[in-house]
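Enquirer: In terms of our numbering, the sequence shown opens at residue -16 and continues consecutively.
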Amino acid sequence: MEIILSVLHYQNLKTYDTLHAKELAAVALHSDKYDCTKALRPWISQWFGRIRGGSSTDDLALLLVAAYFFRASEHFKSVSARIVRQANANLSSIWASHDMMAFLPQELKRVRARDSANHGYGTTLTD
-16 MEIILSVLHY QNLKTYDTLH AKELAAVALH SDKYDCTKAL RPWISQWFGR IRGGSSTDDL
44 ALLLVAAYFF RASEHFKSVS ARIVRQANAN LSSIWASHDM MAFLPQELKR VRARDSANHG
104 YGTTLTD
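#1: For G32, which option in T1, I66, A8 and A85 has the closest C-alpha, if you only look at C-alpha atoms?
#2: Any idea what DSSP makes of H3, helix, strand or coil?
#3: Quick check: the Cα distance between S56 and A50, rounded to an integer number of angstroms?
#4: Would you tell me roughly how many angstroms separate the C-alpha atoms of F53 and M84, rounded to the nearest one?
#5: Tell me the residue span of the alpha helix (DSSP H) that contains F31.
#6: For L47, I'd like the list of residues in its chain whose CB is within less than 6 Å of its CB, leaving aside the five on either flank, ordered along the chain.
#7: Grouping DSSP H, G and I as helix and E and B as strand, with all else coil, what is Y51?
#8: Going by the C-beta, is I34 closer than 7 Å to any heavy atom of the ligand MN?
#9: Which one or two residues does DSSP pair with R35 in a beta bridge?
#10: Taking only the alpha-carbon atoms, compute the straight-line gap between R65 and L43 and give it to the nearest angstrom.
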């Protein structure tokens, strides 16, 4: 909440120029809860573009949560594509224990993402 209030009140802007994936997911959840996503819209693309880390399986899960709750469809597509490219056999077991993934709707957890590399056969993201 501190990040949202600081940004909305133009305080400590350099401090929140870049965020870790976990911070971004937390901001997205609070932004959705308190209906301030529109006000944060200019920051959302910047945060996704300057994310600290962001390549681990955990980070990708957090970025997916952030994109979903920010309703940032382009970022959601981008993160989803990265997940499909980096998916491995134990992805669902890794994400099953991830607390932030619990916030996603069940139908998203079962989405079959299509990628040209898998010739039209779906890859289950989780489950």
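Beta carbons are placed, not taken as given, at the ideal position from N, Cα and C, and that holds for glycine. No experiment lies behind these values; they were computed from the predicted model shown.
Expert: Per the coordinate set shown:
#1: T1
#2: strand
#3: 7 Å
#4: 15 Å
#5: T20 to G32
#6: V62
#7: helix
#8: The ligand MN is not part of the structure shown, which contains no ligands of any sort.
#9: H3
#10: 8 Å
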